[in-house]
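Scroll down for the structure; my scribbles are underneath it.
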Amino acid sequence: MSMRAAAQRKSCPRRCLFRCCSGMASSRATLLRALIALASLAAIDAFHDEGLAESNRVEFLSLAAEDECESSDCALSALQLRGKLTKRASHDGHGTSEISAMRAPPGPLCTGDGELPKGIPACYQGTFLTETLTVKVESESYSPGDGESKISVGIGKVDVFAQGLRAGSCIGAAFNKSSRMLSTEGIPNCFLDGFEYTASYCSSTDSMLFSFVTPLPFNVELKKIECAAELALTDERSTPDQDRARALLQSPPEVVTCTGDGNWPTTLPLCYRGSLLVESLEWTVLSYTAGDSAGVGKVNMVAKGPQEAICNGAAFEKSGQLITIENASNCGLTGFEYSVRYCSTQDRIMVNVTQPFAIMVALDGAACSAEIFEPTPSPVDPFPPSYNPDAPAFNPNLPAHNPSPPPPHP
545 MSMRAAAQRK SCPRRCLFRC CSGMASSRAT LLRALIALAS LAAIDAFHDE
595 GLAESNRVEF LSLAAEDECE SSDCALSALQ LRGKLTKRAS HDGHGTSEIS
645 AMRAPPGPLC TGDGELPKGI PACYQGTFLT ETLTVKVESE SYSPGDGESK
695 ISVGIGKVDV FAQGLRAGSC IGAAFNKSSR MLSTEGIPNC FLDGFEYTAS
745 YCSSTDSMLF SFVTPLPFNV ELKKIECAAE LALTDERSTP DQDRARALLQ
795 SPPEVVTCTG DGNWPTTLPL CYRGSLLVES LEWTVLSYTA GDSAGVGKVN
845 MVAKGPQEAI CNGAAFEKSG QLITIENASN CGLTGFEYSV RYCSTQDRIM
895 VNVTQPFAIM VALDGAACSA EIFEPTPSPV DPFPPSYNPD APAFNPNLPA
945 HNPSPPPPHP
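Per this note's numbering, the sequence shown starts with residue 545, numbered consecutively.
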């Protein structure tokens, strides 16, 4: 072990995946946490990736179980990794034992199996990433326990609301309560799509606990509130961070101008950069040949952020403004629907995302960075399926749209 590594080990007695476990989590701006959360929800399946080798799988599952996710200040990056590994292990068909070996989801625990409080209706509220979850218990009745069990069984109706970037509701759903577990009928058909969870009533703290399994394993505590506050949710009440994030998603496409259907400048490579929430998107036009009706060329596409992807040397065709990338489903965003245009008047790339949300992303001319040509492999996906080790190398120090021709390439 090197002296530097030894010093780090001494200052960090127990290694976590994202920081020293003995320290508190580094502070993050609330908006950044919200946007990272959104990106993880929207893009948890955004990029193709290959299965982990068994040794890497065991190592990362172990690290994820050992890190700071034991507490409520779990880093979002740790949650994203846990969710990704859990889903991947399940898809591979042998994730049951591995997933069960992981510790309970991070967050508060639930104690007490008593009855719900008198005075129905009763309302509970909490937050999960960018979502505000509210439960309103409308009615309840109990029957005494049978035999050795003295625990009464409750039945009733409940309203469940989710407000935020993704909304859902379930009004008047029937539920059964056995011990502290609430089994609600019909929730998969009227709540948030893609979410799996269990619900419990914690009589010791008069709160509810939602234990999410997918898309991220996490416990969410819903504390008791006045039902009048819950009713305000019908007016689309949201936090300032949710408002800002929603504004980003709902930005009208007209705010960014895209005119001109001319060809690219002859000096290549040309680099463009923009951002989709907390994802950084980069395009590098490697080659382009204009034709009578359409031009053809090759491009490198890079996404960096909570989710990463690389697509080197992708062939494309340009007709007017529209850019069509060949075989894009095998090297780019798979959970997204979008179109790409080149705006020759402004010399920018426009990406019009239509699914899973609608947003227009402008990629403006930028200096070509070394990271575009020499990407560092991710520890989870050392070589994405689109990684092309034979892609031509270029001088990363070229300024954006340099009028001087680049040096000869090997």
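Heads up, the beta-carbon is just placed ideally off N, CA and C, and yes, glycines get one too.
Since this is a predicted model, take the numbers as computed values, not measurements.
- In the DSSP assignment, D908 falls within the beta strand (DSSP E) that extends over 903–909.
- Check the Cα spacing between M904 and each of D891, C912, R885: the tightest is with R885.
- Apart from the 5 residues on each side of it in sequence, E682 sits with its Cβ closer than 8 Å to the Cβ of I664, P665, G700, K701, V702, D703, G716 in its chain, given in chain order.
- Counting only residues of its own chain and dropping the five nearest sequence neighbours on each side, L726 has a CB closer than 7 Å to the CB of F719, A743, S744, Y745.
- Ranked by Cα distance from C815, the options T801, D805, S831 are led by S831.
- Sequence-distant Cβ neighbours of E870 in its own chain, meaning closer than 8 Å and more than five residues away, are A858, A859, F860, E861.
- In the three-state scheme derived from DSSP, where H, G and I count as helix and E and B as strand, C771 is classed as helix.
- With respect to T833, V840 sits close: the two C-beta atoms are nearer than 9 Å.
- Between L820 and L753, the CB-CB gap reaches or exceeds 9 Å.
- A straight-line Cα-Cα distance of about 56 Å links G835 and C714.
- For T801, the closest C-alpha among the options L907, K680, T676, C912 is that of L907.
- Where A717 is concerned, the enclosing beta strand (DSSP E) starts and stops at 712–722.
- For F672, the enclosing beta strand (DSSP E) has its first and last residue at 666–672.
- Around the C-beta of G864, fewer than 16 other C-beta atoms lie within 10 Å, and the residue is accordingly described as exposed.
- Under the three-state reduction of DSSP, L653 is assigned to coil, being neither helix nor strand.
- Its chain contains C746, S748 as the residues whose beta carbon lies nearer than 7 Å to that of T655, once the 5 sequence neighbours on both sides are disregarded; these appear in chain order.
- Assignment of C912 by DSSP, reduced to helix, strand and coil, places it in the coil class.
- CA-to-CA, the gap between V846 and E852 works out to about 8 Å.
- For S837, no beta strand (DSSP E) run applies, since DSSP gives it neither H nor E.
- Here the alpha carbons of V895 and P761 stand approximately 32 Å from one another.
- The three-state secondary structure of E870, taken from DSSP, is coil.
- Looking at F705, A910, A706, G708, the one whose alpha-carbon comes closest to that of L812 is A910.
- Under the criterion of beta carbons closer than 8 Å, K680 and C771 qualify as touching, at roughly 6 Å.
- By DSSP's assignment, S683 forms a beta bridge with K701.
- DSSP places C815 in the strand class (E or B) of the three-state scheme.
- Collapsing the DSSP output to three states places C746 in a strand.
- Assigned with DSSP and collapsed to three states, G857 falls in strand.
- By the 16-neighbour rule on beta-carbons within 10 angstroms, S751 is buried.
- Assigned with DSSP and collapsed to three states, Q899 falls in strand.
- According to the DSSP assignment, S888 belongs to no beta strand (DSSP E), since it is labelled neither H nor E.
- The C-alpha of L825 lies about 9 Å from the C-alpha of G849.
- A straight line joining the alpha-carbon of L660 with that of Q899 spans about 41 Å.
- Comparing C-alpha distances from P809 to each of G670, S888, L677 shows the shortest one belongs to S888.
- Here the alpha carbons of V897 and Y882 stand approximately 4 Å from one another.
- If you look at T758, you'll find it in the beta strand (DSSP E) that goes 751–758.
- Beta-carbon to beta-carbon, Q669 and L766 are separated by about 6 Å, close enough to satisfy the 8 Å threshold.
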